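Trainee:
Protein chains: 2
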Amino acid sequence: MATPTSSSSARQACSELAHTLNVDFASRRLAEALDERDPLKPLRSEFLIPPRKSYVPDTSNPDTPSIYLCGNSLGLQPAGLRTLVNEELDAWGALGVQGHFRHPHNRDWVTIDDHVVAESAKIVGADSSEVAIMNSLTANLHFLMVSFYRPTSTRFKILMEAKAFPSDFYAIESQVRFHGYDPADAIIEVAPREGEHILRTEDITDIIARRGDTIALVMFSGIQYYTGQFFELEAITAAAKAKNCVVGFDLAHAVGNVPLSLSAWDVDFACWCTYKYLNAGPGGIGGAYVNKRYANAELPRMSGWWGTDPATKFQMDNIFRPIPGANSFRVSNPNVLATASLLGSLNVFAKTSMNALRTKSQLLTGYLEALLLDLGPNSGFKILTPSDPAQRGCQLSLLFDEGLMMPVFENLERNAVIVDERKPDVIRVAPTPLYNTFVDVWTFVNVLTEAIGVARSAA
Amino acid sequence: MATPTSSSSARQACSELAHTLNVDFASRRLAEALDERDPLKPLRSEFLIPPRKSYVPDTSNPDTPSIYLCGNSLGLQPAGLRTLVNEELDAWGALGVQGHFRHPHNRDWVTIDDHVVAESAKIVGADSSEVAIMNSLTANLHFLMVSFYRPTSTRFKILMEAKAFPSDFYAIESQVRFHGYDPADAIIEVAPREGEHILRTEDITDIIARRGDTIALVMFSGIQYYTGQFFELEAITAAAKAKNCVVGFDLAHAVGNVPLSLSAWDVDFACWCTYKYLNAGPGGIGGAYVNKRYANAELPRMSGWWGTDPATKFQMDNIFRPIPGANSFRVSNPNVLATASLLGSLNVFAKTSMNALRTKSQLLTGYLEALLLDLGPNSGFKILTPSDPAQRGCQLSLLFDEGLMMPVFENLERNAVIVDERKPDVIRVAPTPLYNTFVDVWTFVNVLTEAIGVARSAA
Ligand SMILES: Cc1ncc(COP(=O)(O)O)c(C=O)c1O
Ligand SMILES: Cc1ncc(COP(=O)(O)O)c(C=O)c1O
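Those protein sequences? They're chains F and A, same order as listed. If you read the first sequence in the numbering used here, its first letter stands for residue -16, the second for the next number, and so on. If you read the second sequence in the numbering used here, its first letter stands for residue -16, the second for the next number, and so on.
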């Protein structure tokens, strides 16, 4: 099957297969055939798929896998992760402090994060020296803004998307206040045009072109958590650079979801969490990228011992000698269980590539979109997410007609179909290429259709 | 046995027992008798004590417990912790995202840190509302200094101990620079007097009295990591308050080691790690205390969504409504495995009290000190740590004659006696009352004596 490069090309690829097999586009048989032809199919067995009984107490098929389409919120557990976590408990139990430098599995705790840097760097399109695994997402936003938001009296503004994820807004606002500026003055929010849900890249780059001289930092998410829009990070970066603005991205919903090329795009900094598409578990350890241009730069920062040259860490001369690269931003020794969890997850990513995942993802989400669109104009919802596959990841956000969303959501759950709701009216559906199947998508659409019917007749 | 209130009272209590039993003070029999009479003895079985074979490959007693005296660096693993960690993996595997609000063990992830706050608060002598479990130690130092180091043109200095733990120095120095001050000017370090190792409280309070008007923040460790000195936090706090200085403490080596009364002392803020005496595992989640006086104060801070009123978290009105109390300082959702680990550890603390632990600790460390002192003036080392039990926790720091330390340290290790070295000449020994025995201490002293003999004859 060819890589779909537009919405219609996923539909077309699926259509062609339906035609070849002589089955209906909307048939389960097509979904099954798509799964049979999926080169990434074996990866699903690397994950623990919650069984139906977890959500539906009196189900007749208790051990059948549920339809889990919620990797945008919390990714599923890689099956190999438990062993790695327990190996760390074993090492601690057996060795105590010596686990730091004499680890039975060669994951000495003093350098355990080294084992998760290279694969993380591959996933975000960066050199290993540009990536540090540390802290949590919002903490990393702060530590990086301390270094990269350097307002001056003429250039102190931050450009961001309107309706950003709340934590990002709070983080940005508090940074602005910390420097003594008024958020109302210092924060420029770009909103979609009247009646639209999606930001136009030209509207972003246009503001940068017009007001860039006053903008210290352009700070966007990679993928908008609510709409699923994948911002054109390369174009935003280029526009920001042209006006000498620093540019940083929150990749919470982008990492492990879409291919990224942070180095090639020349992004200044970025950070992410690992509990969504990276499947490292609830509250997973965070990630940070800092462009290698800054590897030896004297940046203002909030420092800690884990960022200084380890050889002189206890020289007690009070001289902070930043490790060249992103690791200089680490402040503390990392949590070992959280790092082992991430390793368990990245071991699965190492079996494929972001490009292979993207190919499947575009087909899978395109198939979902086609099935949803085929429900017709009176389906009860519309899709907020861009129809251009290049402008989205795996998630589609469905905006329901008033009053429909909650009953539909609850009905889905009663059928062990797990998606994510944003009150008042949105359901987010995220078929992830690592563990979701075309049959998952097909089942979702069928249960959804029924749920909408039930909700409407009850209304 | 009475609580020893001075060095000599521990010796005296042990002496009396030796006399009653008609055994030598230096005999193993006395150590055994002290263990038999130890009311906290059953707690040792709550821990995984590394076996000799972990350190000595060809030992004849491979499964005999080693002598682990290194809780000052990494505490041992509570036996019940593994179950809790694996329960979280089970919950994640079974439920995916629904673990956040429908947890099989009633530890919903959205509020999982609630389960570790009350016991943490008890351990540091605070109200639950004054404690947040979050991030890591150095990160917390930064987040708290952002709020509590508020320099002005006349009052911008930070008073700290000379030779503080490197991370604390880096953190403080970088905060000072962030505000545009020169560390050489803004940091006042208090050092021991010429020829002394221990800071005199009067020297600290004296500087505060004389220079307090220029001091924005008094920032000390609770127990000095190198010397083991337990600073007189109450007196330091009182002196700082008298001059309207903000006062904060890094409790890395104090928490779970000595009783603390942060609220009663009226300390402004504090933070700690949980991997030393709190036994929560390598890189364990950090803790923070913020005096309840600030519960509803409008503080400058670096904010995140986990610090805002959860009820309005997704109201998308961009208004940060700080949760009253320390939880307003949380920026991110917490790591679940790290939080479960800490819970596994605090479950053991819940079986005793800091006062009971302190009583045993003073006897255990006093016994260690007495045995060491009895080696005489030509022992090859001297004890850096204060002899006054009120001025130390469980740790004793031994400063060896030149060239002795490394061979002694290596010999100890070959005998499965695990302590901690600080080059060039110091060994730190930390008998912890939760899991160490009097026989551990006795064995250490005997192996040490032999090791010193061997090192000397090889020299
Ligand atoms: C006194 C003190 N401060 C700070 C730290 C740094 O801890 P972390 O790496 O958890 O930030 C330590 C670690 O041992 C410490 O002992
Ligand atoms: C876009 C975005 N930013 C920030 C956060 C906050 O994450 P954390 O709690 O890990 O700091 C999230 C969490 O879902 C997010 O989706």
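Virtual Cβ for every residue (Gly too), placed ideally from N, Cα, C. These numbers come from a predicted model, not from an experiment.
Check whether the Cβ atoms of F:LEU347 and F:PHE421 lie closer than 8 Å to each other.
Mentor: Yes, these two residues count as a Cβ contact at 8 Å.
Trainee: Leaving aside the five residues before and after F:GLY270 along the sequence, list all residues of the same chain whose C-beta is less than 6 Å from its C-beta, in chain order.
Mentor: Cβ within range, chain order: SER103, ILE116, TRP255.
Trainee: F:GLU217 to A:ASN262, Cα distance in whole Å?
Mentor: One C-alpha to the other measures close to 46 Å.
Trainee: Under 7 Å Cβ-Cβ, which residues of chain F neighbour A:LEU57?
Mentor: Residues of chain F passing the Cβ test: GLY79, VAL80.
Trainee: Quick one: using the 10 Å Cβ neighbour count with 16 as the cut-off for buried, is F:PHE383 buried or exposed?
Mentor: Buried, since its Cβ has 16 or more Cβ neighbours within 10 Å.
Trainee: With respect to the beta strand (DSSP E) encompassing A:LYS140, which residues constitute its N-terminal and C-terminal limits?
Mentor: Its beta strand (DSSP E) spans residues 140 to 144.
Trainee: Consider the C-beta atom of A:VAL314 and the heavy atoms of ligand 2; say whether any pair is separated by less than 7 Å.
Mentor: Yes; taking the cut-off as 7 Å, the Cβ of A:VAL314 has a heavy atom of ligand 2 nearer than that.
Trainee: Any contact of the segment 173 to 182 of chain F with the segment 311 to 331 of chain A, i.e. 3+ C-beta pairs under 8 Å?
Mentor: The answer is no - the segment 311 to 331 of chain A does not touch the segment 173 to 182 of chain F, with fewer than three Cβ pairs under 8 Å.
Trainee: Name the residues in the segment 277 to 288 of chain F whose C-beta lies less than 8 Å from a C-beta of chain A; which are they?
Mentor: So the list reads PRO283, ARG284, MET285, SER286, GLY287, TRP288, given in the order they occur along the chain.
Trainee: Give every residue of the same chain whose Cβ lies closer than 8 Å to the Cβ of F:ASP91, excluding the five residues on either side of it in the sequence, and list them in chain order.
Mentor: Hits under 8 Å: GLY82, HIS83, PHE84, ARG85.
Trainee: Determine the chain F residues that contact A:SER324 at a beta-carbon separation under 7 Å, and present them in chain order.
Mentor: Simply LEU320.
Trainee: For a cutoff of 8 Å on Cβ pairs, would you count A:TRP425 as touching chain F?
Mentor: Chain F, which has no Cβ nearer than 8 Å to the Cβ of A:TRP425, makes this no.
Trainee: With a CB to CB cut of under 6 Å and the five nearest residues on each side skipped, what residues in its chain are close to A:ILE302?
Mentor: So no residue of the chain qualifies.
Trainee: Starting from the beta carbon of F:LYS140, find every residue of chain A whose beta carbon is closer than 9 Å, and list them in chain order.
Mentor: Near F:LYS140 there are no residues of chain A at all, since even the closest Cβ is about 16 Å away, more than 9 Å.
Trainee: If you measure between the beta carbons of F:GLY267 and F:SER324, is that distance less than 8 Å?
Mentor: Closer than 8 Å, so yes.
Trainee: Identify each residue in the segment 134 to 161 of chain A for which the Cβ-Cβ distance to at least one residue of chain F is less than 8 Å, and report them in chain order.
Mentor: Flagged, chain order: LYS146, PHE148, PRO149, SER150, PHE152, TYR153, ALA154, GLU156, SER157, GLN158, ARG160, PHE161.
Trainee: Tell me whether the segment 72 to 79 of chain A and the segment 423 to 436 of chain A touch, counting them as touching only if at least three CB pairs, one residue from each stretch, are closer than 8 Å.
Mentor: With a cut-off of 8 Å, the segment 423 to 436 of chain A and the segment 72 to 79 of chain A do not count as touching, because too few Cβ pairs lie within range.
Trainee: Go ahead and label A:PHE131 buried or exposed: buried means 16 or more other beta carbons lie within 10 angstroms of its beta carbon, across all protein chains shown.
Mentor: A:PHE131 should be labelled buried.
Trainee: If I'm right that A:PHE213 touches A:ARG375 with Cβ under 8 Å, what's the distance once you round it to whole angstroms?
Mentor: That pair is a contact at about 5 Å.
Trainee: Could you pull the DSSP bridge partners for F:THR184 from this structure?
Mentor: According to DSSP, which records beta bridges pairwise, F:THR184 is partnered with nothing at all.
Trainee: Measure the CB-CB distance between A:LEU395 and A:VAL430 and report whether it falls below 8 Å.
Mentor: Yes, they are a contact pair.
Trainee: Between the C-alpha atoms of F:GLU19 and F:PRO25, what's the straight-line distance to the nearest angstrom?
Mentor: Cα to Cα, the separation comes out at about 10 Å.
Trainee: Does ligand 2 have even one heavy atom less than 7 Å from the beta-carbon of F:ALA413?
Mentor: No.
Trainee: Is F:ASN118 close to chain A? Criterion is C-beta to C-beta, closer than 8 Å.
Mentor: Taking Cβ atoms only, chain A reaches closer than 8 Å to F:ASN118, which makes this a yes.
Trainee: Which residues in the same chain have their Cβ closer than 8 Å to the Cβ of A:LYS343, if we skip the five residues on either side of it in sequence?
Mentor: ASP21, PRO22, LEU23, PRO416.
Trainee: Which runs of the beta strand (DSSP E), 3 residues or longer, sit entirely within the segment 225 to 309 of chain A?
Mentor: Here the runs fully enclosed are 229 to 233, 252 to 255, 270 to 273.
Trainee: Looking at the secondary structure, which residues open and close the alpha helix (DSSP H) in which F:LYS105 lies?
Mentor: Here the alpha helix (DSSP H) through F:LYS105 covers 97 to 107.
Trainee: Is A:ASP233 close to ligand 1? I mean its beta-carbon at under 7 Å from any heavy atom of the ligand.
Mentor: Yes, the Cβ of A:ASP233 comes within 7 Å of a heavy atom of ligand 1.
Trainee: I'd like the span of the beta strand (DSSP E) that includes A:VAL412, first residue to last.
Mentor: Start and end: 409 to 412.
Trainee: Can you check whether the CB of A:THR368 is closer than 8 Å to the CB of A:GLY205?
Mentor: Not a contact, by the Cβ cut-off of 8 Å.
Trainee: In three-state DSSP terms, what is F:LEU17?
Mentor: Looking at F:LEU17 - three-state DSSP - the assignment turns out to be helix.
Trainee: Do F:LEU182 and F:GLU144 have their C-beta atoms within less than 8 Å of each other?
Mentor: Against a cut-off of 8 Å, the Cβ pair of F:GLU144 and F:LEU182 comes out as a contact.
Trainee: Please find out if some non-hydrogen atom of ligand 1 comes closer than 7 Å to the beta-carbon of A:GLY264.
Mentor: Because no heavy atom of ligand 1 lies under 7 Å away, the Cβ of A:GLY264 does not count as near it: no.
Trainee: Quick check: the segment 313 to 322 of chain F against the segment 94 to 112 of chain F, are at least 3 beta-carbon pairs closer than 8 Å?
Mentor: Because the criterion of three Cβ pairs below 8 Å is met, the segment 94 to 112 of chain F and the segment 313 to 322 of chain F touch.
Trainee: Under three-state DSSP, which class holds F:MET(-16)?
Mentor: Residue placement at F:MET(-16) cannot be trusted, given a pLDDT of 40 that sits under 50; the coordinates are not used to answer.
Trainee: So F:ILE219 and F:VAL201 are in contact, right, with Cβ under 8 Å, and what is the actual spacing, rounded?
Mentor: 6 Å between Cβ atoms; contact.
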